[in-house]
Amino acid sequence: MPANSGQHKNRLIPWIVAILAVAVLAWLLHNRITFDWATLGRQLRSVSLGYVFTGVALLYLGYGLRSWRWAILLTPVQRVRPMELLGPQLIGFTAVMLIGRIADLVRPYLIARRLGLPVATQLAIYSVERAFDVGAAAVLFSFTLAVAPHNLPHHVLYVQAGALSLAATFALVAFAVSLRFAGTTVAELIRRLITPLSADLANRVNDRIVDFCKGLHILSTWREFFTASAISLLMWLGIACGYLLSARSFTTEPTLSHFSFTATMLIVAASLGGSMLQLPILGWFTQTGVLATALHGFFNVPWETATACGAVMLFVTTLDILPIGLIAARLQGITLREAVAESGAKQHNLS
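Numbering (my numbering), first residue to last: 138 to 488.
What follows is the structure in structure tokens.
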């Protein structure tokens, strides 16, 4: 009973933090910002749907690229067609949107169930997939800032930030290489360092590193590595273009209608930071707030327009998955909550 009580409290903590954050944000908006809801409505009605639908198409293409990348990472274990993995990808991301980060492991669980493979193998691939995501996003972000146009305001700061980010990316690559050849030793060392702070956290970090190391060993050829890297870069380029098209869909706002790719990468970075705590439904509003704050803070976009743009960005890059994901779940006879519960149970049994 005490263990269950502790788990229940741990699940409540993110909700409490998020509700407090929303309350503080609402108080600040009410007391310090003049917000015209009629202007917000006018901005949303002025959106160019052509840009929006093109952005949605790019994001849907991205889910296909994710399936292709997973199939490549799976090649040493079992050859599979990318289309066989598309359903679990769509259902998994839909579960995250509706249920929160607790549903992150639905994708590897559904793929393991569909292919009749051990869940542990798919968790290893999931860890490596996440590493490719981080690496591709970091490279794209760093390179874009490092070659920022000279006529851009604060050009020197952009270039310095890009160079620093690129150096951090190379450091992460070096760390990944060390895990490839001495993963068990590194995992044990990190576990010992964290144990004095929290034994539970130390064990969880150790498990994630071990999963990642297993995934690295699944990559058996340089061809697989470079193909997965190229797909990751292409996919994140499509995601960035989704944000860019969302901004440019506001054709009546000069700043947004001429939004640059460099500016877009700053918004992508802010969005990634805001999505670290993805709560069911409530997270949609906090993410819109993060995007609006970034647009207003970095580029002085009026609050009403920034909020409208944040909502469109959220729809194009995230919420557009819901209809097709729910249809895929219905066709495959999968209930999202059951999938989340079963994937969590599988992970608990492995740990």
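Note that the Cβ used here is the ideal one computed from N, Cα and C, for glycine as well.
Predicted, not measured: the structure shown is a model, and the values here were computed from it.
For a cut-off of 8 Å, the C-beta gap from Val265 to Phe396 is around 33 Å, too long to register as a contact. In this chain, Gly237 is not harboured by any alpha helix (DSSP H), its DSSP state being neither H nor E. Trp174 and Glu441 have their C-alpha atoms spaced approximately 7 Å apart. Looking from the CA of Val310, the closest CA among Val477, Glu221, Gly462 and Phe269 belongs to Phe269. Val296 is the residue among Val296, Ala443 and Gly272 whose C-alpha sits nearest the C-alpha of Ala283. The beta carbon of Gly379 is closer than 7 Å to those of Gly192, Leu195, Leu196, Val453 and Thr454 in its chain, skipping five residues each way along the sequence. Going by DSSP, Ile471 is part of no alpha helix (DSSP H) at all; its letter is neither H nor E.
When the alpha-carbon of Leu242 is set against those of Ser369, Ile262, Ala377 and Pro391, the nearest one is in Ile262. Take the alpha-carbon of Val189 and the one of Gly447: they are about 13 Å apart.
Each residue's CA atom was taken as its position, placing Phe436 and Tyr246 some 42 Å apart. Segment contact: the stretch 197-213 against the stretch 396-405, fewer than three CB-CB distances shorter than 8 Å; contact not assigned.
The Cβ-Cβ distance between Ser383 and Val449 falls below 8 Å.
CA-CA distance, Gln180 to Val405, rounds to 21 Å.
Annotation for Arg216: no alpha helix (DSSP H) segment contains it, and DSSP assigns it neither H nor E. Between the alpha carbons of Val276 and Leu303 lies a distance of about 7 Å. Distances from the alpha-carbon of Pro219 to those of Lys351, Ala308 and Arg203 put Arg203 closest.
For the pair Glu390 and Leu428, the Cα-to-Cα distance works out to about 16 Å.
In this structure, DSSP gives Gly253 a state outside helix and strand, which the three-state scheme calls coil. The beta carbon of Ser386 sits closer than 7 Å to those of Val184, Ser185, Tyr188, Val189 and Val449, all from its chain and outside the five residues before and after it, given in chain order. Here Ala324 is actually not in contact with Ile331; their C-beta atoms are around 11 Å apart, not less than 8 Å.
Nearest neighbour of Gln226 by Cα position, chosen from Val217, Ile248 and Ile236, turns out to be Ile248. Excluding five sequence positions before and after Gly320, the CB atoms of its chain that fall closer than 6 Å to its own CB belong to Cys350, given in chain order.
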